[in-house]
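Chemist: Protein chains in written order, with the working numbering: chain A, 12 to 202; chain B, 12 to 202. Quick one: structure below, then a few questions.
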DNA sequence: CAAATTTTTGTCCTGTAGGTCAAGAAAGGA
DNA sequence: TCCTTTCTTGACCTACAGGACAAAAATTTG
């Protein structure tokens, strides 16, 4: 019927996500996106309407990856406190692993754009809700298992942990592993 | 001897700080800075070497303001838990008050630049240390007053609170007051 | 093979970022 | 009063952001 695409959309979105993640939205130019994805600027604008559209898709992709990771991580064996602490630690370790501290794309985006842009604000909210829901479920299960004090409100504690995670991913830009791990220990002490 | 400046440097820095705070570093142009400060672009570049230099000074100014606010706020009467909670609440309320959610300049800067720029990274660290020190002092005093459990490590808890604050100032971009206040309550429960 | 359709490449375009510079203006000193 | 010095204004400059578009290329259908 017509000439087929030479590239896979999802792969392009993945690479674009990396570029946005490392440099931020404003500081990533179409030229950089073309270089990062390996396709011409023209093809990019043909496949995706605009830089903003591509960014929106990259955010969705990030959401999907993050939601699955949380799911997997929280399904591991162990007490609630151990599992939750392990989840937070793995996030921090991922932050510290790379040569450049890119943090969390959702947090970066929230800081850079959510204050001005309601659509972005909603996207970030959705992502947070996914994590909060996963944490809530795991804590509720802990309560059923007798693993967590019945006084703990699963949803409330999950929101508190969400806030801790967001903090950690910013703090990871300027602090070392021991301090971050101490913070995690404090945060899960109530479980 | 020579023609004197028509403007006060500190006032210009204050207004520049506001512009950077609202729009971020990359997304604030020299033209905007000129408009925000009320002086010509040429004068700006005469008085300050570069956009970056002006930003550095704005950061210093922000640090000074923040440090004094923390000092004042934590010196208020009340139990340690009350005073600390009041401090966090006042930060959150400031975030929610404005028409545009600009968050915390230090956090914004950390997210936007600290990953790539070691100088910025150190500046952010300094600011965090000021807040951590103020919180540590207040908690230590609480322990002496018999107000705080002796098992609490002042410095460790201060670091944890610092992380909570950073989280809150990001979460304030996408969440409402009740949730943020619940998070604060959870965070001070260990005091 | 021709036609129709969609992609790719590369050129082109407008606006703005970030900054420079030359000219004139405002002070104090000789 | 004129000179020197520093400040201000505004024009100017180069590079790139973000995107539009035309022409050529690749595929399926008839």
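Every residue, glycine too, gets a C-beta built ideally from N, C-alpha and C.
#1: Cβ of residue 68 of chain B less than 8 angstroms from any chain A Cβ?
#2: Take every Cβ of the region 179–196 of chain A, pair it with every Cβ of the region 167–181 of chain B, and state whether three or more of those distances are shorter than 8 angstroms.
#3: Mind pulling the chain A residues with CB within less than 8 angstroms of residue 43 of chain B?
#4: Helix, strand or coil for residue 135 of chain B per DSSP?
#5: Under 8 angstroms, Cβ to Cβ, is there at least one residue of chain B near residue 40 of chain A?
#6: Strictly below 8 angstroms CB to CB, what residues from chain A border residue 181 of chain B?
#7: Let me make sure I understand the geometry here. Which of A/97, A/30, A/73, A/133 has the alpha-carbon closest to that of residue 84 of chain A?
#8: Measure the Cβ-Cβ separation of residue 140 of chain B and residue 184 of chain A and say whether it is below 8 angstroms.
#9: Taking only beta-carbon atoms, is residue 73 of chain A less than 8 angstroms away from chain B?
#10: Cα separation between residue 17 of chain A and residue 57 of chain A?
#11: Under a CB-based cut-off of 8 angstroms, is residue 194 of chain B close to chain A?
#12: Given residue 63 of chain A, which residues of its chain have a CB within under 8 angstroms of its CB, disregarding the five upstream and five downstream residues?
#13: Residue 114 of chain B to residue 53 of chain B, Cα distance in whole Å?
#14: Touch check for the region 89–103 of chain A and the region 140–158 of chain B: three-plus C-beta pairs under 8 angstroms?
#15: Report, in whole angstroms, the separation of the C-beta atoms of residue 102 of chain B and residue 180 of chain B, which I expect to be a contact under 8 angstroms.
#16: Report yes if the CB atom of residue 198 of chain B is closer than 8 angstroms to the CB atom of residue 175 of chain B, and no otherwise.
#17: Which chain A residues sit within Cβ distance under 8 angstroms of residue 22 of chain B?
#18: Going by C-alpha to C-alpha distance, which of A/166, A/99, A/60, A/111 sits closest to residue 196 of chain A?
#19: Is the beta carbon of residue 119 of chain B sitting closer than 8 angstroms to the one on residue 163 of chain A?
#20: Any idea what DSSP makes of residue 75 of chain A, helix, strand or coil?
#21: Determine the closest residue to residue 109 of chain A out of A/25, A/32, A/202, with distance taken between C-alpha atoms.
#22: Once the 5 residues before and after residue 29 of chain A are set aside, which same chain residues still bring their CB inside 8 angstroms of it?
#23: Which value, in whole angstroms, describes the spacing of the CA atoms of residue 25 of chain A and residue 91 of chain B?
#24: Which value, in whole angstroms, describes the spacing of the CA atoms of residue 73 of chain B and residue 86 of chain A?
#25: Looking at residue 27 of chain B and residue 69 of chain B, is the spacing between their C-beta atoms short of 8 angstroms?
#26: Just tell me which of A/127, A/104, A/105 has its CA closest to the CA of residue 111 of chain B.
Modeler: According to the data block:
#1: Locating residue 68 of chain B in the second chain gives position 57, counting from the first residue. Closer than 8 angstroms: no.
#2: yes
#3: Along the second chain, one-based indexing puts residue 43 of chain B at 32. None at all; the shortest Cβ gap to chain A is about 13 angstroms.
#4: Indexing the second chain from 1 puts residue 135 of chain B at position 124. Residue 135 of chain B: helix per DSSP, three-state reduction.
#5: In the first chain, the residue the question calls residue 40 of chain A occupies position 29. Answer no: the Cβ-Cβ gap between residue 40 of chain A and chain B never drops below 8 angstroms.
#6: By one-based count along the second chain, residue 181 of chain B stands at place 170. 118, 121, 122, 177, 178, 181, listed in chain order.
#7: By 1-based counting over the first chain, the position of residue 84 of chain A is 73. Checking every option, the nearest Cα to that of residue 84 of chain A belongs to A/97.
#8: If you number the second chain from 1, residue 140 of chain B lands on position 129. If you number the first chain from 1, residue 184 of chain A lands on position 173. Their beta carbons are not under 8 angstroms apart, which means residue 140 of chain B does not touch residue 184 of chain A by this criterion.
#9: Within the first chain, the letter at position 62 stands for residue 73 of chain A. No, no contact with chain B.
#10: By one-based count along the first chain, residue 17 of chain A stands at place 6. By one-based count along the first chain, residue 57 of chain A stands at place 46. Distance between the alpha carbons of residue 17 of chain A and residue 57 of chain A: 13 angstroms.
#11: On the second chain, position 183 is the one that residue 194 of chain B refers to. For residue 194 of chain B, the answer is yes, since a Cβ of chain A falls inside 8 angstroms of its Cβ.
#12: Here residue 63 of chain A refers to the residue found at position 52 when the first chain is read from its first residue. Nothing meets the Cβ criterion.
#13: Stepping through the second chain from its first residue, residue 114 of chain B is reached at position 103. Stepping through the second chain from its first residue, residue 53 of chain B is reached at position 42. Computed Cα separation, rounded: 30 angstroms.
#14: no
#15: Mapped onto the second chain, residue 102 of chain B falls at position 91. Mapped onto the second chain, residue 180 of chain B falls at position 169. Contact flag correct, Cβ pair sits at about 7 angstroms.
#16: Taking the second chain and counting its residues from 1, one reaches residue 198 of chain B at position 187. Taking the second chain and counting its residues from 1, one reaches residue 175 of chain B at position 164. Yes. Within cutoff.
#17: Counted from its first residue, the second chain places residue 22 of chain B at position 11. Chain A residues near residue 22 of chain B: none, gap ~25 angstroms exceeds 8 angstroms.
#18: As a working mapping, residue 196 of chain A is identified with position 185 in the first chain. That would be A/99, whose Cα lies nearest to the Cα of residue 196 of chain A.
#19: For the purposes of this step, residue 119 of chain B is taken as the residue at position 108 of the second chain. For the purposes of this step, residue 163 of chain A is taken as the residue at position 152 of the first chain. Their beta carbons are not under 8 angstroms apart, which means residue 119 of chain B does not touch residue 163 of chain A by this criterion.
#20: Here residue 75 of chain A refers to the residue found at position 64 of the first chain. Helix, per DSSP.
#21: Mapped onto the first chain, residue 109 of chain A falls at position 98. Per the Cα distances, A/32.
#22: Translated into positions along the first chain, residue 29 of chain A becomes position 18. Closer than 8 angstroms at Cβ, skipping near neighbours: 47.
#23: The residue you call residue 25 of chain A lines up with position 14 of the first chain. The residue you call residue 91 of chain B lines up with position 80 of the second chain. Going by the C-alpha atoms only, they are around 47 angstroms apart.
#24: Sequence index remark: in the second chain, residue 73 of chain B carries index 62 (1-based). Sequence index remark: in the first chain, residue 86 of chain A carries index 75 (1-based). So the alpha carbons of these two residues sit roughly 43 angstroms apart.
#25: Mapped onto the second chain, residue 69 of chain B falls at position 58. Mapped onto the second chain, residue 27 of chain B falls at position 16. Yes. Within cutoff.
#26: Translated into positions along the second chain, residue 111 of chain B becomes position 100. If we check each option's Cα against that of residue 111 of chain B, A/127 comes out closest.
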